[in-house]
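Have a look at the structure below, then the notes.
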Amino acid sequence: MEPVISLTGVRAELGGQRVLHGVDLAVRPGEVVALLGANGSGKSTAVRAAVGQVPVSAGTLTLFGTPVRRFRDWARVGYVPQRSTAAGGVPATVREVVAAGRLARRGLRPLRRADHAAVDRALGLVGLADRAHDAVDALSGGQHQRVLIARALTAEPEALIMDEPLAGVDLASQRVLAGTLRTLVADGVAVLLVLHETGPLQPLIDRAVVLAHGRVERTVEHPAGLPESQACHPADAVEPSAESPLQTGIL
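Numbered by my numbering, the letters in the sequence shown go through residues 24 to 274 in order.
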């Protein structure tokens with residue numbers, strides 16, 4: 024199968040500093056690929072390049088066979104950034120925030136029955152159907168993350184890219200996420216994850232790509248042997264991309 028996400032010899036710079044030095048990786052339909060490595064290894068820069076937020080200075084990066092600079096069908100890609108809050112400080116219910124994910128398909132047109140059904144399905148997948156009408160501000164950190172994931176899923180993407188989805192998330196929410204990914208992968212969705220720890224997601228990971236200083240250090244197929252609290256390297260400098268602007272929408 025052709026890769027959904029493909030990076031070949033990708034280099035990228037931020038603020039005049041080289042962050043990625045020829046990264047290769049591919050994610051095919053129904054695969055889960057994890058990017059592992061210490062702070063500053065280039066993980067977040069790689070996924071931000073994959074969604075067009077960081078320009079590629081050399082190499083080839085494609086989504087569904089199209090160079091990312093020319094890719095326009097963003098409804099096919101769900102993106103969950105790191106360190107974000109579900110509503111961005113704006114009073115809203117869980118359902119309102121999740122429904123915003125349909126903008127990738129509907130634009131500003133009123134939601135129809137199919138849109139509401141997609142929202143219901145996304146809420147059910149992340150285990151928040153019973154909290155749909157609650158204020159987002161009343162949720163825990165782990166539930167906030169599940170709202171963001173549900174919002175990305177409402178567009179019914181064929182690829183899901185998540186930057187540190189387990190960071191600051193309680194074990195119960197981690198297990199819900201694992202169940203959600205299991206369902207998506209069974210439907211053929213390609214998943215690219217940035218992780219510090221594999222946790223309950225470990226059994227789902229088909230391939231782990233370990234980055235160090237912007238380079239692929241090694242690739243592990245079916246990494247059952249990796250410890251759940253994978254620590255690949257001692258911490259180093261935080262990469263420039265780590266402090267990304269607050270983002271609350273999907274592409």
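Where a beta carbon is used, it is the ideal one built from N, C-alpha and C, also for glycine.
Backbone CA spacing between residue i and residue j [nearest angstrom]
i: Val33; j: Pro26; result: 15 Å
i: Thr68; j: Val103; result: 14 Å
i: Leu227; j: Thr221; result: 10 Å
i: Leu11; j: Val121; result: There is no way to answer for residue 11, as the model of the chain reaches only from 24 to 274.
i: Ala73; j: Arg136; result: 32 Å
i: Met24; j: Ala213; result: 12 Å
i: Val46; j: Val79; result: 11 Å
i: Leu224; j: Leu200; result: 8 Å
i: His236; j: Leu134; result: 45 Å
i: Gly150; j: Arg169; result: 8 Å
i: His44; j: Asp153; result: 46 Å
i: Gly63; j: Ala35; result: 13 Å
i: Val165; j: Lys66; result: Note that residue 165 corresponds to Gly in the displayed sequence, not to Val. If I take the Cα positions, the gap works out to 22 Å.
i: Pro250; j: Arg132; result: A caution first: Pro250 carries a pLDDT of 48, below 50, which makes its placement in the model too unreliable to give a value.
i: Met185; j: Pro114; result: 24 Å
i: Ser29; j: Val50; result: 7 Å
i: Leu171; j: Ser163; result: 13 Å
i: Thr203; j: Glu181; result: 14 Å
i: Glu244; j: Phe87; result: 22 Å
i: Ala53; j: Asp229; result: Correcting the residue identity first, residue 53 is Gly in this sequence and not Ala. Each residue's alpha carbon lies about 9 Å from the other.
i: Leu37; j: Arg71; result: 11 Å
Residue range of the alpha helix (DSSP H) that includes residue i
i: Asp138; result: Arg136 to Leu148
i: Leu207; result: Leu194 to Ala209
i: Thr68; result: Lys66 to Ala73
Residues sharing a beta bridge with residue i, DSSP
i: Gln166; result: Answer is none; Gln166 lacks a bridge partner.
i: Ser303; result: Outside the shown range of the chain (24 to 274) lies residue 303, about which nothing can therefore be said.
i: Pro90; result: Thr85
i: Thr221; result: Beta-bridge pairing links Thr221 to no other residue.
i: His44; result: Arg34
i: Ala158; result: Thr116
i: Val77; result: For Val77, which the question treats as bridged, DSSP gives no partner whatsoever.
Whole-number beta carbon distance between residue j and residue i, since they are thought to touch under 8 Å
i: Val117; j: Asp157; result: 6 Å
i: His219; j: Glu240; result: The pair is not a contact, with the Cβ atoms about 15 Å apart (cut-off 8 Å).
i: Leu215; j: Val56; result: 5 Å
i: Leu183; j: Leu148; result: Actually they are not in contact, since the Cβ atoms of Leu183 and Leu148 sit about 11 Å apart, beyond 8 Å.
i: Ala175; j: Gly124; result: 6 Å
Opening and closing residue of the beta strand (DSSP E) in which residue i lies
i: Val214; result: Ala213 to Val217
i: Gly119; result: Residue 119 is actually Glu in this sequence, not Gly. Element bounds for Glu119: not the beta strand (DSSP E) but the alpha helix (DSSP H), Val117 to Ala122.
i: Gly101; result: Val100 to Val103
i: Met185; result: Ala182 to Asp186
i: Val55; result: Val55 to Leu59
i: Thr242; result: Arg238 to Glu244
i: Arg125; result: Arg125 -> no beta strand (DSSP E), and no H or E assigned at all.
i: Leu189; result: That residue, Leu189, is in no beta strand (DSSP E); it is neither H nor E in DSSP.
i: Leu234; result: Arg230 to Ala235
The ligand MN heavy atom lying under 7 Å from the CB of residue i
i: Arg41; result: By its list of ligands, the structure shown contains no ligand whatsoever, and the ligand MN lies outside what it can speak to.
CB contact below 8 Å: residue i versus chain B
i: Leu218; result: Protein chains in the displayed structure number just one, and chain B is not present.
(request) For the stretch 91–100 and the stretch 139–146, state whether three or more C-beta atom pairs, one from each stretch, are separated by less than 8 Å. (result) They do not touch, by the three-pair rule.
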